[in-house]
Amino acid sequence: MKVLHVVPTFFPATYWGGPIHSLHGLCNALAGLPGVDLRVLTTDAASPRLSDTVPVSGFPVTFPGGYEVYFCRRRSGADFSPGMLRLLWPMIRWADVVHLTAVYSAPTLPTLALCRLAGKPVVWSPRGSLQRWEGTTKAWTKSVWERICNALLAPGRSVLHVTSREEERDSRRRIPKAEIAIVPNGVDIPDSLPARDWRPRGMLRLLFIGRFHPIKGIENLMRAIRSIEGMPLSLSIAGSGESDYENALRRLSSELGLGDRVRFLGHVDGDDRTAAFMHADVCVVPSFTENFGMVVAEALAHGVPVIASRGTPWAEMESRGCGLWVDNDPASLADAVRVIQMGDLAEMGKRGREWMARGYGWRAIAASMLDVYKKAAGTRPEGSPG
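Each position in the sequence shown, counted from 1, maps to that position plus 120 in my numbering.
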């Protein structure tokens, strides 16, 4: 099966957050499945700055999994590339199924329109973009954009890929013409982890890791830290975002008098990302909303217990004994920190890692996604009854 992924940005453009890691993992796993011929069409944008491009050479670039990635030059905005638009039609004609990622993005409308014209099935991953929260901006403009998308979708040839029941609920209301397929993200499971020292010298080490954006609830977490007294603890904040917002977070830390209780680590990737998990006792994900929350799965895969907000789809952590699922206001987050610090963090981390290994390995997730492709293309999935 010939699969074309159309996405505005792709690995190693990790500035754009969790979806970059999850799509890269999916493509690596898909390329390893028999009978899959995979291509990725994207831009070379590494950040909002036009001068920042991904460090690649050649066109296309062959990734280690054996699939080709076409990094087209971004000319304006976050993801507008005339070269990408020129390649859309011939590459859509080549594909058996087109997997589109992103919603309010330059490639979205042309991809949907050309797929309908070519009669090609579309699997569309909004990656949480269709979910709303109290801080949602440009709601009216987004509503108009969604109506155009609905008009372009071909009935019976369009599948909306969501990663959780929560995302399904919000997305179905906005894109009613598409069928829904729920396939969670996978996560890379380290083969082994080094020995670690939990709560060194009695210090509880909290970690936030992710994109800097108001939807992530970082301010609430910082206010929670300010309210906790009599407990040795620290918070490491790893990530990056718009410079004005990052500066506002630093000012808030100073205004709250957090001092050396809070450290900003900057953007972390690769070994630095792994080190951030290995030097944390608890990962905190206080988002107002997440379609999946890739960092939750990453933390658990590294044996780190998690406090996640009810805006994430991770209620099951509590029944599995590897984390807490709480409201994301400062008082609730502070209470959760007090509760989790009394637990057996090593055992919680072990249970979380075992859960990720059983249910979230990339090969199984890719096989599920391939079944979605085959159904969209009118091909019977493997193992289905005749």
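No residue lacks a Cβ here, since even glycine has one placed at the ideal position from N, Cα and C.
A straight-line Cα-Cα distance of about 25 Å links R331 and A477.
In this structure, P275 lies away from K240, with their beta-carbon atoms at least 8 Å apart. By the Cβ rule, the region 139-158 does not count as touching the region 199-208, because fewer than three pairs are nearer than 8 Å. The criterion of a C-beta distance shorter than 8 Å is not satisfied by G423 and S407. For G481, DSSP records no beta bridge to any residue. Annotation: G306 to T261 spans about 32 Å, alpha carbon to alpha carbon. In this structure, A149 and I460 do not form a Cβ contact; the two beta carbons are roughly 32 Å apart against a cut-off of 8 Å.
V264 and P128 have their C-alpha atoms spaced approximately 20 Å apart. In this structure A435 is not in contact with V446, their Cβ atoms being roughly 10 Å apart against a cut-off of 8 Å.
Minimum Cα-Cα distance from R346 among the listed residues G472, L453 and P304 corresponds to L453. Rounded to the nearest angstrom, the Cβ distance from I309 to G479 is 11 Å, too far for a contact under 8 Å. A215 is a Cβ neighbour of V123, given a cutoff of 8 Å.
Here E339 is not near L385, since their CB atoms are 8 Å or more apart. With three or more CB-CB distances shorter than 8 Å, the region 379-399 counts as touching the region 342-360. Where G145 is concerned, the enclosing alpha helix (DSSP H) starts and stops at G138 to A151. Secondary structure remark: continuous beta strand (DSSP E) runs of at least 3 residues inside the region 289-356, in chain order: 299-302 and 324-329.
Under the DSSP definition of a beta bridge, K122 partners with D157. Counting the other Cβ atoms within 10 Å of the Cβ of E286 gives 16 or more, which makes it buried. Relative to the Cα of G441, the nearest Cα in the group R458, K336, P450 and K470 belongs to K470.
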